[in-house]
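**Student:** Note that the protein sequences, when read in sequence, are chains A and B. Residue numbers in the first sequence follow numbering that gives the first Met the number 0, run continuously in steps of one, and reach 991 at the last position. Residue numbers in the second sequence follow numbering that gives the first Met the number 0, run continuously in steps of one, and reach 197 at the last position. Using N, Cα and C, we set each Cβ at its ideal position, and we do this for glycine too. Handing you this structure, nothing more for now.
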Amino acid sequence: MLIKRKSADVQRGRLQSALGGLASGVMDRRSFLRRSGLVAGGVAAAGALQIGSVRKAEAAVYGPATGTKVVKNICTHCSVGCTVRAEVANGVWVGQEPAWESPINRGSHCAKGASVRELVHGDRRIKYPMKLVDGQWQRLSWDQAVSEIGDKMMEIRAKSGADSVYLLGSAKFSNEGSYLFRKFAAFWGTNNVDHQARICHSTTVAGVANVWGYGAMTNSYNDIRNSKTVIFMGSNAAEAHPVSMQHILTGKEEQRANVIVFDPRLTRTAAHATDYVRFRSGTDIAVIWGLMWHIFQNGWEDKAFIAARVHGMDDVRKEVAKYDPKTVEDITGIPGEQLKRVAQTFATVKPATFVWCMGVTQHSVGTANVRAICTLLLATGNVGSNGTGANIFRGHCNVQGATDFGLDISNLPCYYGLVEGAWRHWSRVWGVDYDYFVSRFDEVPAKGGRAARTRKQNMETSGHTSTRWFDAANLPAEQVDQKDNLKAMFVMGHGGNTIPRMPDAVKGLEKLELLVVCDPHPTNFVSLGGRKNGTYILPICTQFETSGSRTCSNRSVQWGEKVVEPIFESASDYAVIYKLSQKLGFATEMFRPYEMVQGKIGLEPTAESILREINRGGWSTGYTGQSPERLKLHMANQDKFDIVTLRGAKGSPVENDFYGLPWPCWGTPEYKHPGTHILYNTALAAKDGGGTFRPRFGLTRERTLPDGSKVEDTLLAEGGSYSLNSDIKDGYPEFTMGVLKKLGWDKDLTPAELATISWIGGNTIDNVSWSTDLSGGIQRVAMEHGCVPYGNGKARANAWNLPDPVPVHREPIYSPRVDLVAKWPARPDERTLRIPNLHTSVQKAAVEKGIAKSFPIVLTSGRLVEYEGGGEETRSNKWLAELQQDMFVEINPADAAARGIRDGSLVWVTGPENNSKARVKALVTERVGKGAAFMPFHFGGVFQGVDQRGNYPKGLDPIVVGESVNTITTYGYDPVTAMHEGKVTLCQIAAA
Amino acid sequence: MARMKFLCDADRCIECNACVTACKNENDVPWGINRRRVVTINDGKPGERSVSMACMHCTDAPCAAVCPVDCFYTTADAVVLHNKDLCIGCGYCFYACPFGAPQYPKVSNFGSRGKMDKCTYCSGGPEVDLSPAEFQKYGSNRLAEGKLPLCAEMCSTKSLLAGDGEVIAQIYKERVVKRGYGSGAWGWQTAYRETITI
């Protein structure tokens with residue numbers, strides 16, 4: 000029955016009379032709109048809806064039902080971070096209203112955001128814990144499930160080691176959940192902990208951080224309103240980040256901006272572009288160097304910017320010289336004139352920004368792709384100011400936060416790495432003895448010609464990546480660089496259809512002794528393969544059923560309040576991690592710092608207390624100023640922020656702050672740093688959100704001159720480049736106690752700060768740095784002198800410690816242009832993160848077998864607006880599922896005609912590995928070029944033509960199922976992060 | 000008195016379908032009934048444009064003209080509503096409507112298609128405003144609460160505008176001036192044969 004609206008006091012009957020009776024609350028809303036500047040006339044009004052000329056209130060009669068409360072949370076889908084305004088009555092989420100006050104979405108949503116209410120009503124949610132017994136699902140109590148899982152984990156640990164249990168986390172965790180899960184991995188004693196960033200932007204994070212310091216979006220969605228030129232490459236924001244398009248399209252109108260889309264498909268984003276450039280998948284570096292060739296040729300580069308703030312551009316110049324228009328056209332297929340026009344626009348119509356997504360990152364040269372784009376931005380001086388920057392649109396609602404908190408095989412929270420200093424830092428923050436953590440890790444025996452590793456060495460060695468978890472289960476033990484093969488997967492919030500080579504994944508699943516799937520909906524991990532025993536499903540609630548903070552793509556941190564209690568028997572991530580830690584015997588130590596409250600399945604820590612611990616330790620990334628109180632204040636005052644600058648209005652409680660205190664937010668919360676809206680922005684003072692490039696690659700670098708003599712180039716900024724009001728008018732290294740002493744600034748430290756620094760440093764107090772000083776004193780003193788705590792360095796166009804220091808074009812592993820493979824081959828075989836990475840062997844074999852002849856169509860993948868990620872959650876939502884009911888492949892009319900394929904008919908798509916095949920519908924369209932095909936990646940539940948609905952527990956199968964594109968996609972891994980090559984492979988298509 | 004209108008700015012519409020799911024969310028519309036949908040023309044080709052469509056609440060509504068039981072009525076706000084108690088599910092309005100707005104719960108060549116359902120401009124029906132009966136038959140009545148249809152309020156790019164015709168026309172005019180090129184409104188080219196480069 001109707002629980003939505005109050006039914007009392009209704010006497011007027013007809014609509015007309017009702018219109019006369021607007022409640023006073025309604026009038027508040029209108030005046031609120033005016034206050035928030037949404038309808039402030041002129042252009043501002045253009046972006047807003049007005050309430051029209053509904054007659055004014057005469058008496059207050061109608062309002063929301065009595066007892067309805069409004070709770071604000073954040074959409075759990077993409078990384079834009081739209082505020083969701085939920086109306087809750089009697090513990091039920093009864094209505095969703097636009098959150099006009101949010102400076103990010105201003106009331107708007109996409110199809111997913113407008114349907115999130117369904118998530119907490121969903122009848123396809125997992126109701127209670129279950130396990131698979133001889134192919135049948137059985138109900139379990141929480142206690143029994145956790146007890147059995149814990150026992151099995153301990154058994155595997157005793158037999159094969161801690162590294163044999165893979166901990167796969169999620170970008171759907173809150174920041175606090177991510178941090179807790181990483182901490183859990185540390186207590187368990189493994190670095191085999193990962194999440195979706197591996198498969199979306201791991202190459203971005205590694206690439207960008209290796210160019211200028213931090214691996215994140217430099218500006219914000221809102222800031223794109225300032226851009227005069229916007230390039231999208233491998234990004235279809237109209238489907239993947241729809242609400243961001245509000246800012247981009249408004250900016251395009253107001254600035255008359257050029258919007259240029261590079262993509263193998265004419266996407267929905269391209270439909271709104273001023274210029275669309277089609278190119279062949281997997282030739283990104285050739286495209287970028289092709290643009291750079293014109294820029295250097297015509298002297299369009301920003302010479303002053305390069306001289307002051309960039310190292311190694313001359314090395315790039317040498318490489319770029321090889322990419323003349325003819326070569327580039329041959330590789331990429333882009334006409335030379337078009338590329339020249341775009342190059343000129345990007346370099347001269349400034350400010351210009353570059354947006355990229357998985358079209359760039361998911362390649363066997365992903366990290367190099369990213370660095371090439373960064374170099375283009377540096378060469379044109381388009382970093383570190385309004386309207387510029389590397390605007391990397393991330394995928395999930397908290398993938399930035401989960402990355403920041405080290406759900407990553409090579410990092411502790413906040414990018415401290417895995418070195419001893421990092422472990423000691425977090426041991427201090429956690430109040431646990433460093434040696435305890437050493438004792439938890441495996442000793443790795445010598446095998447396969449590799450040396451043995453001690454516990455300490457293993458603790459400092461990066462883990463195994465999620466892109467190849469099944470290789471760690473399937474490969475001979477000798478090839479896997481850890482104590483034993485993978486025996487168990489503990490998966491919290493991660494789909495099973497999101498990485499290539501699914502036929503291999505099926506084999507891997509069959510090898511696992513234990514598979515635990517913790518999710519609101521049963522994921523593809525549950526349905527894939529023929530497991531009969533040893534699989535557990537634990538019901539986890541969504542972020543709408545718990546509280547916590549999440550970091551959107553632009554680094555703003557937003558607090559979400561619990562809307563309703565977890566439904567059915569589901570529990571929060573916090574509760575489940577606590578319960579499992581209890582079973583495994585380290586809960587007391589791990590949870591000592593937190594405030595514990597009673598939850599549905601036992602005690603659980605409050606998100607606030609976890610965030611306070613993050614604030615005590617997250618110095619390196621500036622996660623120290625975002626206290627729960629400050630974040631909640633921002634959520635309560637969302638309407639006080641400017642929608643372009645994101646600055647809090649004068650006179651408001653959030654005066655001067657940037658919305659969501661985007662990291663780095665230096666110092667303690669009491670220091671009131673406003674956060675950093677735009678990274679590396681020298682136009683602002685350090686304590687006002689300014690910054691510089693981070694010198695993290697040394698202070699000087701030796702260079703050999705043509706005559707054989709050597710010179711030392713500085714890696715610190717030069718030529719008067721420093722952040723506003725800096726006391727040091729030159730480049731400077733990161734701040735340590737030693738540096739403070741040299742400058743004589745150590746006297747500015749308070750006695751309390753000095754005491755903490757002495758406690759940390761002991762005999763080597765000079766080594767205590769801005770990132771290990773738990774008092775925040777070093778950061779405070781540096782900023783008081785106008786300096787950025789991490790130093791003032793140069794970005795580098797030559798990342799000498801990475802494979803291909805200056806990026807070079809390399810043909811994809813499965814290339815359609817066999818003739819180009821000889822000149823532009825893949826990298827030689829190597830080992831990447833614990834296992835072999837056979838770039839050349841696989842590429843060579845493909846050429847020799849004539850794969851390009853038998854599989855002539857280039858296949859790429861991407862998003863649909865209605866679904867997200869592996870799609871189990873969104874395909875179970877009836878409002879979304881209705882909109883996309885079939886998995887399909889987009890094929891060009893010419894290719895379709897040659898194969899006798901009609902639009903809407905069924906086809907078999909076959910891939911070059913494992914005799915893979917998928918039965919899907921054909922969508923014949925010019926959206927893809929001739930010789931190219933596209934498949935969305937959200938589908939699962941059908942495998943190689945066989946429906947797998949029966950593998951789901953009864954009634955929990957998603958409404959829509961379909962073949963996964965990753966059944967077809969193939970081998971190919973980035974040498975730095977093991978990112979898979981999901982965006983380019985070959986396939987054949989035939990009528991079914 | 001206001002004359003309530005929808006206007007979809009085709010230069011802004013990105014076919015994200017927020018309007019569709021917002022409508023479902025707000026009005027609890029069942030599977031298979033689409034009060035609103037997004038139509039894309041030139042799909043996948045240069046010049047692709049999308050436009051969100053629902054009942055346009057016509058001034059002289061053709062549905063009302065053909066209805067044999069006269070179940071349609073126009074409110075003082077110029078919203079076209081209908082009475083489900085009178086509707087016989089004949090389907091004439093479906094044939095009359097140029098926008099394909101009327102929806103039916105049953106598919107049938109002969110006999111009743113069930114009670115017709117369509118966009119109510121989030122303003123309920125002839126039942127008592129904000130009553131349970133109204134919600135069950137017609138969905139929510141946001142207009143009675145002083146709110147606009149949720150589809151427009153939640154539009155991702157502020158493409159779909161709703162409100163008094165004069166006000167939204169003014170918003171749209173300001174946008175066109177800002178953009179610096181011809182109307183750009185969907186249908187403009189058909190109506191005026193003006194070449195527009197975007």
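Under a three-way DSSP split, which group does residue 5 (chain B) fall into?
**Tutor:** Strand.
**Student:** Can you give me the C-alpha to C-alpha distance between residue 488 (chain A) and residue 191 (chain A), rounded to a whole angstrom?
**Tutor:** Between residue 488 (chain A) and residue 191 (chain A), the C-alpha separation is close to 10 Å.
**Student:** Would residue 363 (chain A) and residue 954 (chain A) qualify as a contact pair, given that the criterion is a beta-carbon distance under 7 Å?
**Tutor:** Not a contact, by the Cβ cut-off of 7 Å.
**Student:** Take the Cβ of residue 749 (chain A) as the centre, count every other Cβ of all protein chains shown within 10 Å, and call the residue buried at 16 or more, exposed below.
**Tutor:** So residue 749 (chain A) ends up on the exposed side.
**Student:** Considering residue 633 (chain A), what are the terminal residues of the alpha helix (DSSP H) in which it resides?
**Tutor:** Residue 633 (chain A) -> alpha helix (DSSP H) spans 627 to 635.
**Student:** Any residues in the region 236 to 257 of chain A with a beta carbon nearer than 7 Å to a beta carbon of chain B? Which ones, in chain order?
**Tutor:** Answer in chain order: 237, 241, 242, 244, 245, 248, 252, 253, 255.
**Student:** Any idea what DSSP makes of residue 933 (chain A), helix, strand or coil?
**Tutor:** Strand, per DSSP.
**Student:** Between the alpha carbons of residue 874 (chain A) and residue 957 (chain A), how many angstroms are there, rounded?
**Tutor:** Whole-angstrom Cα-Cα distance: 6 Å.
**Student:** With 16 other CB atoms within 10 Å as the buried threshold, where does residue 0 (chain B) fall?
**Tutor:** Looking at its Cβ environment, which holds fewer than 16 other Cβ atoms inside 10 Å, residue 0 (chain B) is exposed.
**Student:** Would you check if the distance between the CB atom of residue 492 (chain A) and the CB atom of residue 219 (chain A) is smaller than 7 Å?
**Tutor:** No, the Cβ-Cβ distance between residue 492 (chain A) and residue 219 (chain A) is not below 7 Å.
**Student:** Give the straight-line distance between the Cα atoms of residue 358 (chain A) and residue 234 (chain A), rounded to the nearest whole angstrom.
**Tutor:** Approximately 6 Å, taken between the alpha carbons.
**Student:** Per DSSP, which one or two residues make a beta bridge with residue 343 (chain A)?
**Tutor:** The partner list for residue 343 (chain A) (beta bridge, DSSP) is empty, contrary to what the question assumes.
**Student:** Could you tell me the boundaries of the alpha helix (DSSP H) in which residue 438 (chain A) lies?
**Tutor:** Looking at the DSSP string, the run of the alpha helix (DSSP H) that includes residue 438 (chain A) is 433 to 439.
**Student:** Just the Cα atoms here: how many angstroms apart are residue 251 (chain A) and residue 590 (chain A)?
**Tutor:** If you take the alpha carbons of residue 251 (chain A) and residue 590 (chain A), they lie about 49 Å apart.
**Student:** Please report the straight-line C-alpha distance between residue 747 (chain A) and residue 737 (chain A), rounded to a whole angstrom.
**Tutor:** Going from the Cα of residue 747 (chain A) to the Cα of residue 737 (chain A) covers about 14 Å.
**Student:** Less than 7 Å between the beta carbons of residue 668 (chain A) and residue 624 (chain A), yes or no?
**Tutor:** Cβ distance < 7 Å, so residue 668 (chain A) and residue 624 (chain A) count as in contact.
**Student:** What's the gap between the Cα of residue 194 (chain A) and the Cα of residue 931 (chain A)?
**Tutor:** Going from the Cα of residue 194 (chain A) to the Cα of residue 931 (chain A) covers about 30 Å.
**Student:** Name, in chain order, the residues that DSSP records as bridge partners for residue 979 (chain A).
**Tutor:** Bridge partners of residue 979 (chain A): A:972.
**Student:** Going along the chain, which residues of the region 89 to 113 of chain A sit with their C-beta nearer than 9 Å to a C-beta in chain B?
**Tutor:** Per Cβ criterion, the list reads 94, 95, 96, 97, 99, 104, 105, 106, 107, 108, 109, 110, 111, 112, 113.
**Student:** Only counting the same chain, and skipping five residues up and downstream in sequence, which positions put a Cβ closer than 6 Å to that of residue 656 (chain A)?
**Tutor:** Excluding sequence neighbours, residue 656 (chain A) sits near 647, 673.
**Student:** Going by Cα to Cα distance, which pick from A:619, A:521, A:549, A:659 is closest to residue 129 (chain A)?
**Tutor:** The residue with the shortest Cα to Cα distance from residue 129 (chain A) is A:521.
**Student:** Go through its chain and collect everything with a Cβ distance to residue 473 (chain A)'s Cβ below 6 Å, but skip five positions before and after it.
**Tutor:** Same-chain partners within the cutoff: 506, 507.
**Student:** Starting from the C-beta of residue 35 (chain A), find all residues in its chain whose C-beta is less than 7 Å away, skip the five residues before and the five after it, and write them out in chain order.
**Tutor:** Note that residue 35 (chain A) scores 35 on pLDDT, short of 50, meaning its location in the model is unreliable and no value can be drawn from it.
**Student:** If we require 4 or more residues per run, which alpha helix (DSSP H) segments fall completely within the region 843 to 873 of chain A?
**Tutor:** Taking only runs of at least 4 residues, the alpha helix (DSSP H) segments lying wholly in the region 843 to 873 of chain A are 850 to 853.
**Student:** Just the chain B side, please: which residues come within less than 9 Å of residue 830 (chain A) by C-beta, in chain order?
**Tutor:** Going along chain B, no residue has its Cβ under 9 Å from residue 830 (chain A), so there is no contact; the nearest lies around 43 Å.
**Student:** To which residues does DSSP link residue 794 (chain A) through a beta bridge?
**Tutor:** Paired residue(s): A:309.
**Student:** To the nearest angstrom, how far is the alpha carbon of residue 178 (chain B) from that of residue 172 (chain B)?
**Tutor:** Between residue 178 (chain B) and residue 172 (chain B), the C-alpha separation is close to 10 Å.
**Student:** Hey, residue 915 (chain A) and residue 502 (chain A) are a contact pair by Cβ (cut 8 Å); roughly how many whole angstroms apart?
**Tutor:** Confirmed, about 6 Å.
**Student:** Thinking just about the alpha-carbon of each residue, which of A:533, A:844, A:360, A:544 is nearest to the one in residue 393 (chain A)?
**Tutor:** Selected option, being the one with the closest Cα: A:360.
**Student:** Is the region 137 to 145 of chain A touching the region 967 to 983 of chain A in the sense that three or more CB pairs, one from each, lie closer than 8 Å?
**Tutor:** Verdict: no, contact absent.
**Student:** Please report how far the alpha carbon of residue 102 (chain B) lies from the alpha carbon of residue 134 (chain B), in whole angstroms.
**Tutor:** About 17 Å.
**Student:** Please list, in chain order, the residues of the region 261 to 275 of chain A that have any C-beta partner in chain B closer than 9 Å.
**Tutor:** Those residues of the region 261 to 275 of chain A that come within reach of chain B (Cβ to Cβ, closer than 9 Å) are 264, 265, 267, 268, 269, 270, 271, 273, 275.
**Student:** Which whole runs of the beta strand (DSSP E) in the region 236 to 324 of chain A are 3 residues long or more, in chain order?
**Tutor:** Within the region 236 to 324 of chain A, the complete beta strand (DSSP E) runs of at least 3 residues are 257 to 261, 274 to 276.
**Student:** Per DSSP, what kind of secondary structure is residue 778 (chain A) in: helix, strand or coil?
**Tutor:** Helix, per DSSP.
**Student:** Would you please verify whether the beta carbon of residue 26 (chain B) is less than 7 Å from any beta carbon of chain A?
**Tutor:** Chain A, which has no Cβ nearer than 7 Å to the Cβ of residue 26 (chain B), makes this no.
**Student:** Comparing the C-beta of residue 924 (chain A) with each C-beta of chain B, is any distance below 7 Å?
**Tutor:** Closer than 7 Å: yes.
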